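Residue numbers (our numbering): 21 to 286.
This is how it looks when you write it as structure tokens:
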């Protein structure tokens, strides 16, 4: 008898919850944030095609409350960054917090897998604003940092668990924030810290991973944001000059995306 044919595992269904629209130059070059993250994950999946690993969808949760995907149709969600503050009480932010809390509080192995079995609940990835939304959903205080902006490529110190997950002693990642979660939520595992922000990344095995930086950002994206916010007076001169001096530094965005892929397959 011949051997049974093997069936390739289906791509994981990852919904990108877009919490903002990119600035004009980024939008023109890369598209909306769903496309920005698709570009990142395509690099992380290489040499395999993206489509063999992930089935991506994008959802505008700021402007379209009806765009939220049904958790029963997903394996994971990724909450993007945003110019907005995660501690505000806009209707769309409160909806996003409630949706995230619903996902994180779902019982383990609580869903049918389509073959009569049980499967894990939807996993959550948070990036910058998304990191703060996850923190808020888990009960952590979120607010404006008294240490000001953290910008451009920054070296993060990793905990032992952070070193295991990200595969190195330190991690370089673009930042664009002055809001933070001021303490890790109960039950989460700390992964990283910097002098400006002690709560850089957190993890719950098989449920959640979130980080304050932007693995999806590139030099041209951050340069445009820095120049726009400096010209409008949001970022002071000295802070801008320091950040623009580091904007072309090497960073580990693709390595972080690979860590996300491993998390999704735990």
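From the three backbone atoms N, C-alpha and C, an ideal C-beta is built for every residue, glycine too.
Computed from a predicted model, the values in this text were never measured in an experiment.
For residue i, which residues in the same chain have their Cβ closer than 6 Å to its Cβ, ignoring the five residues on either side in sequence?
i	result
residue 283	229
residue 204	210, 219, 222
residue 277	60, 61, 64, 235
residue 285	none
residue 202	161
residue 259	169
residue 151	230, 231, 232
residue 107	162, 163
residue 29	none
What span of residues does the alpha helix (DSSP H) with residue i cover, start to end?
i	result
residue 289	This structure does not reach residue 289, given that the chain is present from 21 up to 286, and the question cannot be answered.
residue 101	Element bounds for residue 101: n/a, residue is neither H nor E.
residue 162	No alpha helix (DSSP H) holds residue 162; the beta strand (DSSP E) holding it covers 162-164.
residue 182	180-186
residue 43	No alpha helix (DSSP H) holds residue 43; DSSP gives it neither H nor E.
residue 122	111-125
Could you pull out every residue in the same chain whose Cβ sits closer than 8 Å to the Cβ of residue i, ignoring the five residues on either side in sequence?
i	result
residue 70	58, 61, 62, 76
residue 166	none
residue 273	60, 193, 194, 234, 235, 236, 237, 238
residue 49	240
residue 257	250
residue 190	175, 176, 177, 178
residue 110	104
residue 135	Bear in mind that a pLDDT of 47 at residue 135, under 50, signals an unreliable position, so the number given afterwards is only what the model happens to contain. Cβ within range, chain order: n/a, list empty.
residue 116	37, 39, 81, 99, 153
residue 137	Residue placement at residue 137 is flagged as unreliable, the pLDDT there being 47, under the threshold of 50; the coordinate-derived value follows with that caveat. Excluding positions up to five away in sequence, the list is empty.
residue 89	35, 77, 79, 97
Just to confirm my understanding: we take residue i, look at its own chain, exclude 5 residues before and 5 after, and list those with CB closer than 7 Å. What are they?
i	result
residue 52	38, 41, 42, 78
residue 146	99, 153, 154, 230
residue 217	165, 170, 200, 232
residue 207	224
residue 47	41
Considering only the beta carbon of each residue, do residue i and residue j sit closer than 7 Å?
i	j	result
residue 246	residue 270	no
residue 31	residue 74	yes
residue 267	residue 249	no
residue 87	residue 80	yes
residue 149	residue 279	no
residue 96	residue 164	no
residue 35	residue 94	yes
Span of the beta strand (DSSP E) holding residue i?
i	result
residue 146	143-147
residue 191	190-197
**Prompt:** What are the complete alpha helix (DSSP H) segments, minimum 4 residues, inside the stretch 204-270?
**Reply:** Runs of the alpha helix (DSSP H) lying entirely within the stretch 204-270 and spanning at least 4 residues, in chain order: 239-251, 257-264.
**Asked** Are there three or more Cβ pairs, one per stretch, closer than 8 Å when the stretch 160-180 is compared with the stretch 204-221?
**Response** Touching, per the Cβ criterion.
**Message:** For the stretch 190-201 against the stretch 152-172, do three or more pairs of beta-carbon atoms, one drawn from each stretch, fall closer than 8 Å, so that the two count as touching?
**Reply:** Taking a cut-off of 8 Å for Cβ pairs, the stretch 190-201 and the stretch 152-172 touch, as three or more such pairs fall below it.
**Message:** Taking 8 Å as the cut-off, does the stretch 116-125 touch the stretch 149-167 (at least 3 CB pairs, one atom from each stretch)?
**Reply:** Touching, yes.
**Within the stretch 63-102, ranges of the beta strand (DSSP E) (whole runs, at least 3 residues)** = For secondary structure counted as the beta strand (DSSP E) over 3 or more consecutive residues, the stretch 63-102 holds these complete runs in sequence order: 74-80, 96-99.
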